[in-house]
Amino acid sequence: MPTLKPKHRPFCFSVKGHVKMLRLALNVTSMTFFIIAQAPEPYIVITGFEVTVTLFFIMLYILRLDRLIACLFWPLLDIINSVIAAIFMIIISVLALLPETTTFIVLGGVFGLLAAVCCIADGVLIYRKLLFNPSGPYQKHSIHDKIVL
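This note's numbering puts the last residue of the sequence shown at 149; the count rises by one with no breaks.
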């Protein structure tokens, strides 16, 4: 008897979706504080780039384009993005917090550190999903799972 696939949970209502949207909100907040404080351009550019890339991945998963464009291994790209984003956000946030700066730059640095924590959590969630739910040629199939019609 064939088993039914569990109904796919929409991305917006999944834990991965919530973490990615929280990461987007924290990056936007950090970038806004940096813009208001007229912080050095690298702070604004890096946080703006992170906002753009995170928004890209959210739209990719909402529109299910990761299933349509199967030539790329999207989870690996998402993990690499999360690691690089966490490194950049930690560097930018620490640089914003070290010198005596304005309140808005300090707030941007704090929200940047929170965004870095969300980047790490996002990468860990995707990595755990890959470990427990492999796909592609490395997926193990039992001979008893085949359906004969």
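C-beta: ideal position from N, C-alpha, C; glycine also. Note that this is a predicted model, so its numbers are computed, not measured.
Item: Range of the contiguous alpha helix (DSSP H) that encloses Ala121; Value: 103 to 132
Item: Residue environment, Phe33, which counts as buried when at least 16 other CB atoms sit within 10 Å; Value: buried
Item: Cβ contact check for the region 11 to 30 and the region 113 to 133: 3 or more pairs under 8 Å; Value: yes
Item: Residue range of the unbroken alpha helix (DSSP H) whose run includes Ile87; Value: 74 to 97
Item: Same chain, Cβ closer than 8 Å to Ile69, neighbours up to 5 away in sequence not counted; Value: none
Item: Sequence-distant residues of the same chain with beta carbon closer than 6 Å to Ile92, five excluded per side; Value: Tyr43, Ile46, Gly112
Item: Three-state class that DSSP yields for Cys166 in the structure shown; Value: This structure cannot speak to residue 166, because the chain is shown only from 1 to 149.
Item: Cut-off 7 Å between Cβ atoms - residues of its own chain near Val15, not counting five sequence neighbours on either side; Value: Leu125
Item: Alpha helix (DSSP H) segment containing Glu41, residue limits; Value: 41 to 62
Item: Distance cut-off 7 Å: Leu65 Cβ against heavy atoms of the ligand GTP; Value: Here there are no bound small molecules, and the ligand GTP is not part of this structure.
Item: Which of helix, strand or coil DSSP assigns to Ala37; Value: coil
Item: Under the three-state DSSP convention, the category Ser30 falls into; Value: helix
Item: Cα-Cα separation between Phe88 and Glu41, rounded to whole angstroms; Value: 14 Å
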